[in-house]
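Below you'll find the structure, written out as structure tokens, and then a few comments.
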Amino acid sequence: MPFVNWLKRRLVVLAGLLTLAYLLLPNVIVTVFSFNKPKGRFNYEWQQFSTDAWQDPCGVADMCGSLSISLQIAVWATVGATLLGTMISFALVRYRFRARGAVNSLIFLPMAMPEVVMAASLLTLFLNMGAQLGFWTILIAHIMFCLSFVVTAVKARVMSMDPRLEEAARDLYAGPVQTFVRVTLPIAAPGIAAGALLSFALSFDDFIITNFNAGSTVTFPMFVWGSAQRGTPVQINVIGTAMFLIAVLFVLTSMVVSNRRNKQKA
Amino acid sequence: MSTLTEAPPPLAPAEPEKRPPRKRGRFTPYWLLLPGMLWLIVFFALPMIYQASTSVQQGSLEEGYKVTWHFATYWNALSEYWPQFLRSVFYAAAATVLCLLLGYPLAYTIAFRAGRWKNLIMILVIAPFFTSFLIRTLAWKTILADSGPVVHTLNSLHVLDLTDWLGWTAGDRVLATPLAVVCGLTYNFLPFMILPLYTSLERIDGRLHEAAGDLYAKPWTTFRKVTFPLSMPGVVSGTLLTFIPAAGDYVNAELLGSTDTRMIGNVIQTQFLRILDYPTAAALSFILMAAILAMVTFYIRRSGTEDLV
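Protein chains in written order, with the working numbering: chain P, 4 to 269; chain S, 1079 to 1387.
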């Protein structure tokens, strides 16, 4: 039975591809329904093909405003978390100091905590301090939960780095600053970039913590959440599709570029 | 990604690990740690204390709250909301098991079978992250719609009769039932299972598989005795990274479920943001945190790995 044998050998791959389909199906639906022309307020049922939403992506009140707020918060949260997180990772890998255990658990705990717990407790702090909820409280929260992920990403990279490379640089009379900028930083860069990319994605997509600490500020995820109650405009799907395409293109280009660089080196 | 850093020569001295690599500047590590740690202390640790304090306060929004050590709040919260707590644990556990069953073959495929498709599949696993998860969760409303092909197929195969009998679905519907919520949770946290699984599978030396085959192990035995045990770190961190956020989630239950599928996250959210009963909300959140931390600690001890994330 050649077919059964063929199937048996590829069973794992077939199961894997089914999972991949499960992962991608919603994206396919989001894309297809960005070309829909719904009858009612909700965009859940296919009616007819139309490119209206693509021609007027900001045609819904407040949506593009919320998108811009989300982008601003994501950029600043990425900058903040990457900076603070990279500093922590270097301290953890390169130095000995007291209270290392406490530092490690303070970094691990935010990742092991359900988001709703962090969100609720942060809100009690802000309420107790009488802080005005809005852009700044969201930014503070985002830097807080992105920090641990940056540390994890950068630490892994710095740890796998050969310390002899820096020794070699110093043997060749590079000063500490020069060694850091020309040797350490370029080697750590992929880890830092991974941490930054992760921060951006986490911050941009965060809903639960933002929902608790946003006050009346509306980020893009909060706009989507609200529209799930009021009626979902097709433009939401347009933004979702565009983000997916941009992400895939971005990663593909960076892969092609790094491939070419590696080939040049070799 | 130079090969220099990734493949140290076999004669690399094991010594340098033991002594601190650099001594210059006794206070340098503290200066590096200070801003980030301060951030985490003020905006992560301190809020936990505020929350603990809020949970034993009494009062009202107008007159303000005072600490009265009113522990009855905990008792009341638990006796009123224990079904939601239980439901959260069940849904999250079901989603975690499903994620493991679905995610393992994919992680295995990427690690050992994908060949030159490896990078592309990796991108496809990660890329959905960049579309807001709320939009993707809403797409499940379309997929599982009452008149849609999925429900139609399940119905004609009499699968829905079975799930109805088990209490997972109700009548001819999938939306607004536990099945829809678990399906959404599984979908949302699947990448968190796949990535750690892939990382630990990737580290396995392919020659171990050949060795097992040379010793007359059948593929299934090789998997059971070699591959799976070696992937345990990935299984442990994958299950944790899936279970923890799933247990606290309220988005799936709200968008895909009904009032009968409310999880503890929904209760905390409503108490905090709509009913404004802060002590009860803080108590519930505190119980959730304690339960999760206890479970995580127990689980890590049992599985004997500290190598997380």
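Ideal Cβ positions, reconstructed from N, Cα and C, are used throughout, including at glycine.
#1: So which residues on chain P does T1255 (chain S) lean against when the C-beta distance must stay under 7 Å?
#2: Could you tell me which chain S residues have their CB closer than 9 Å to the CB of W228 (chain P), listed as they occur along the chain?
#3: Does F1149 (chain S) pass the burial test, meaning 16 or more other C-beta atoms within 10 Å, or should it be called exposed?
#4: Does any residue of chain P have a CB that is nearer than 9 Å to the CB of V1374 (chain S)?
#5: What residues are listed by DSSP as bridge partners for A1248 (chain S)?
#6: Applying the criterion that 16 or more other CB atoms from any shown protein chain within 10 Å of the CB defines a buried residue, is C61 (chain P) buried or exposed?
#7: Is it a yes or a no for the region 117-125 of chain P touching the region 1338-1350 of chain S, going by three-plus beta-carbon pairs under 8 Å?
#8: Mind listing which residues of the region 1344-1358 of chain S have their C-beta closer than 8 Å to chain P's C-betas, in chain order?
#9: If contacts are defined as beta-carbon pairs under 8 Å, then Q1349 (chain S) and L1362 (chain S) qualify, I think. What distance do you get, rounded to the angstrom?
#10: Measuring straight from C-alpha to C-alpha, what distance separates S1131 (chain S) and V1145 (chain S)?
#11: Any chance the region 1214-1227 of chain S sits against the region 1293-1303 of chain S, with 3 or more Cβ pairs inside 8 Å?
#12: Look up Q135 (chain P) in the DSSP assignment and say whether it is helix, strand or coil.
#13: Report the rounded CA-to-CA distance for F253 (chain P) versus W1160 (chain S), giving the unit in angstroms.
#14: Spell out the partners DSSP gives Y1143 (chain S) in its beta bridges.
#15: For F1121 (chain S) and A144 (chain P), I'd like the C-alpha separation in whole angstroms.
#16: Check the Cβ-Cβ distances between L175 (chain P) and every residue of chain S, and say whether any is below 9 Å.
#17: Do you know how far the Cα of V1252 (chain S) is from the Cα of D1239 (chain S)?
#18: Who pairs with N39 (chain P) in a beta bridge, going by DSSP?
#19: Grab the span of the alpha helix (DSSP H) containing L1268 (chain S) for me, first residue to last.
#20: In three-state DSSP terms, what is A1092 (chain S)?
#21: Please tell me whether L1184 (chain S) and L20 (chain P) are closer than 9 Å, where the distance is taken between their beta carbons.
#22: With a Cβ-Cβ cutoff of 9 Å, do T155 (chain P) and G104 (chain P) count as a contact?
#23: Drop a sphere of 10 angstroms on the beta-carbon of K1096 (chain S), count the other beta-carbons inside from all chains shown, and report buried for 16 or more, exposed for fewer.
#24: Could you tell me whether the region 1181-1195 of chain S touches the region 1362-1372 of chain S, where touching means 3 or more Cβ pairs closer than 8 Å?
#25: Between the region 1158-1190 of chain S and chain P, which residues of the former have a C-beta closer than 7 Å to a C-beta of the latter?
#26: Check Y1294 (chain S) in the structure and name its three-state DSSP category.
#27: What residue range does the alpha helix (DSSP H) around Q267 (chain P) cover?
#28: Going by DSSP in three states, L1371 (chain S) sits in which element: helix, strand or coil?
#29: Measuring only the C-alpha atoms, how far is G1137 (chain S) from T1337 (chain S)?
#30: Can you confirm whether R99 (chain P), when its beta carbon is compared against all beta carbons of chain S, has any partner nearer than 9 Å?
#31: Check the Cβ-Cβ distances between W1117 (chain S) and every residue of chain P, and say whether any is below 9 Å.
Straight from the coordinates:
#1: Those do not exist, as T1255 (chain S) stays about 17 Å from chain P at its closest Cβ, beyond 7 Å.
#2: Among the residues of chain S, those whose CB is under 9 Å from the CB of W228 (chain P) are L1212, V1329, E1332, L1333, following chain order.
#3: F1149 (chain S) comes out exposed.
#4: Answer yes: the Cβ-Cβ gap between V1374 (chain S) and chain P drops below 9 Å somewhere.
#5: Residue pairing from DSSP places A1248 (chain S) in a beta bridge opposite S:R1251.
#6: By the 10 Å Cβ count, C61 (chain P) comes out exposed.
#7: These segments touch.
#8: Within the region 1344-1358 of chain S, the residues whose Cβ lies closer than 8 Å to some Cβ of chain P are I1346, Q1347, F1350, L1351, Y1356, listed in chain order.
#9: At roughly 7 Å, the Cβ-Cβ gap stays under 8 Å, so Q1349 (chain S) and L1362 (chain S) are in contact.
#10: If you take the alpha carbons of S1131 (chain S) and V1145 (chain S), they lie about 7 Å apart.
#11: Segments in contact, no.
#12: The answer is coil: DSSP assigns Q135 (chain P) none of H, G, I, E or B.
#13: One Cα belongs to F253 (chain P), the other to W1160 (chain S), and the distance between them is close to 46 Å.
#14: In the DSSP secondary-structure assignment, Y1143 (chain S) is bridged to S:G1137.
#15: In a straight line, the C-alpha of F1121 (chain S) is about 7 Å away from that of A144 (chain P).
#16: No, because no Cβ of chain S sits closer than 9 Å to the Cβ of L175 (chain P).
#17: Rounded to the nearest angstrom, the two C-alpha atoms are 11 Å apart.
#18: DSSP, once it has assigned bridges, lists P:F52 as partnering N39 (chain P).
#19: Per DSSP, L1268 (chain S) belongs to the alpha helix (DSSP H) from 1256-1280.
#20: For A1092 (chain S), the predicted model reports a pLDDT of 43, less than 50, meaning its position is unreliable; a value from the coordinates is still stated below. If DSSP states are grouped into helix, strand and coil, A1092 (chain S) belongs with coil.
#21: Yes; because the gap between Cβ atoms is below 9 Å, this pair is in contact.
#22: A distance of 9 Å or more separates the beta carbons of T155 (chain P) and G104 (chain P).
#23: Confidence at K1096 (chain S) is low in this model, with a pLDDT of 44, below 50, so its placement is unreliable and no value can be given for it.
#24: With contact defined as three or more Cβ pairs closer than 8 Å, the region 1181-1195 of chain S and the region 1362-1372 of chain S are not in contact.
#25: Result list: L1180, G1181, P1183, L1184, Y1186, T1187.
#26: Under the three-state reduction of DSSP, Y1294 (chain S) is assigned to coil, being neither helix nor strand.
#27: Taken as a continuous stretch (DSSP letters only), the alpha helix (DSSP H) holding Q267 (chain P) covers 237-268.
#28: L1371 (chain S) carries a helical assignment under DSSP once its states are collapsed to helix, strand and coil.
#29: Taken atom to atom, the span from the alpha-carbon of G1137 (chain S) to that of T1337 (chain S) is near 29 Å.
#30: Cβ-Cβ to chain S under 9 Å: yes for R99 (chain P).
#31: Chain P, which has a Cβ nearer than 9 Å to the Cβ of W1117 (chain S), makes this yes.
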